[in-house]
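So in this note's numbering, the last spot in the sequence shown is 235, and the numbers never skip.
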Amino acid sequence: MVRHKHVERHFTATDTVRDIVIGMSDGLTVPFALAAGLSGAVMGSGLVVTAGLAEIAAGSIAMGLGGYLAAKGDAEHYEREYRREHKEVAEIPEEEKKEVAAIFREYGLVDEEIAPILRTLSERPHDWVNFMMSFELGIEKPDPRRAAISAATISASYIAGGIIPLVPYMVLASAQQALNYSILATLIALFGFGFIKGKFTGVVPIKSGAETVLIGGLAAAAAFLIARLVTH
């Protein structure tokens with residue numbers, strides 16, 4: 004009998020996907036709305052492209068900075084909680100043992116089964132603290148490079164998304180004509196983005212693509228209407 008080795012494949016890059024989603028979705032909708040709004044006020048595409056590129060530059064920097072600060076805040080929060088748990092394990096170990104026991108009771112273990120676990124954790128305070136961080140607080144240690152990676156990912160995704168609705172304005176001289184192609188390009192990009200995201204996250208790609216078109220399309224339409232009101 005041939006035995007096949009069981010291989011589990013789990014997708015673990017959720018933070019990266021989240022950053023790409025944040026950057027790409029905003030990049031597709033905000034520059035599109037700005038360009039669409041301006042296309043109703045100007046005839047030529049040159050001004051639309053200039054304004055769009057300026058917005059992409061400013062938006063990518065702002066979004067990247069936001070991602071950096073958010074990730075840095077998560078790291079600082081983890082360090083604060085880690086120090087607090089270290090202090091509690093050292094100063095009030097009996098209270099911490101009660102918290103550990105309560106956690107394992109939720110998994111159906113009885114006191115006789117929990118007792119040896121408590122003894123082992125007591126002999127390994129570093130592992131004890133890590134256990135409390137994961138199972139009591141639900142906080143995982145962040146990658147020290149996370150802030151920089153998050154900033155770069157969000158910024159790059161914003162730029163990539165923002166260029167797409169501007170391409171028709173770069174090719175066509177008429178802003179009104181370019182608008183129609185920009186709408187089509189944005190919707191196709193939203194669907195493709197959602198489709199690929201679904202493949203990575205385990206969601207049915209067609210469903211993920213359709214949801215992204217719906218949500219992104221509504222956001223783009225709302226932003227477009229606001230931009231049109233401002234420019235008229």
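Idealized CB from N, CA, C, for every residue including glycine.
Note that the C-beta distance between Ser153 and Ala73 is below 9 Å. Annotated three-state conformation of Ser48 is coil, per DSSP. Put simply, of Lys75, Ala181, Ser160 the residue whose alpha carbon is nearest the alpha carbon of Ile64 is Ser160. By a beta-carbon distance limit of 8 Å, Ser185 does not contact Gly197. Their separation comes to about 19 Å. With contacts defined by Cβ atoms closer than 9 Å, Gly201 and Leu31 do not form a contacting pair.
Assignment of beta-bridge partners to Ser28 by DSSP yields no partner. Taken atom to atom, the span from the alpha-carbon of Arg83 to that of Lys90 is near 11 Å. Straight through space, the alpha carbons of Ile209 and Leu221 are spaced by roughly 18 Å. Counting only runs of at least 4 residues, the region 144-206 fully encloses the following alpha helix (DSSP H) elements, listed from N- to C-terminal order: 149-174, 178-204. Distance from the CA atom of Val92 to the CA atom of Trp131, rounded to whole angstroms, is 8 Å.
Judged by beta-carbon spacing, Leu193 lies beyond the 9 Å limit of Ala39, meaning their Cβ atoms are not closer than that value. Here DSSP, grouped into helix, strand and coil, assigns Ile95 to coil.
A residue is called buried when at least 16 other Cβ atoms come within 10 angstroms of its Cβ; Ala57 does not meet this threshold and is exposed.
A straight line joining the alpha-carbon of Leu68 with that of Ile59 spans about 14 Å. Boundaries of the alpha helix (DSSP H) around Val132: 128-134. DSSP, read as helix, strand or coil, puts Tyr85 in helix. Apart from the 5 residues on each side of it in sequence, Glu102 sits with its Cβ closer than 8 Å to the Cβ of Met135, Glu139 in its chain, given in chain order.
Note on geometry: alpha-carbon atoms of Ala78 and Gly70 lie some 12 Å from one another.
By the CB criterion at 9 Å, Ala178 and Leu41 fall inside the cutoff.
Secondary structure at Tyr71: helix, using DSSP grouped into helix, strand and coil. Between Val33 and Gly76, the gap from beta carbon to beta carbon reaches 9 Å or more.
Within the same chain, and ignoring the five residues on either side of Asp29 in sequence, the residues whose Cβ sits closer than 8 Å to its Cβ are Gly62, Met66, Tyr161, Gly164. Taking C-beta atoms as the reference points, Ala223 and Phe107 fail to come closer than 9 Å. Per DSSP, reduced to three states, the secondary structure at Val113 is coil, with no helix or strand assignment.
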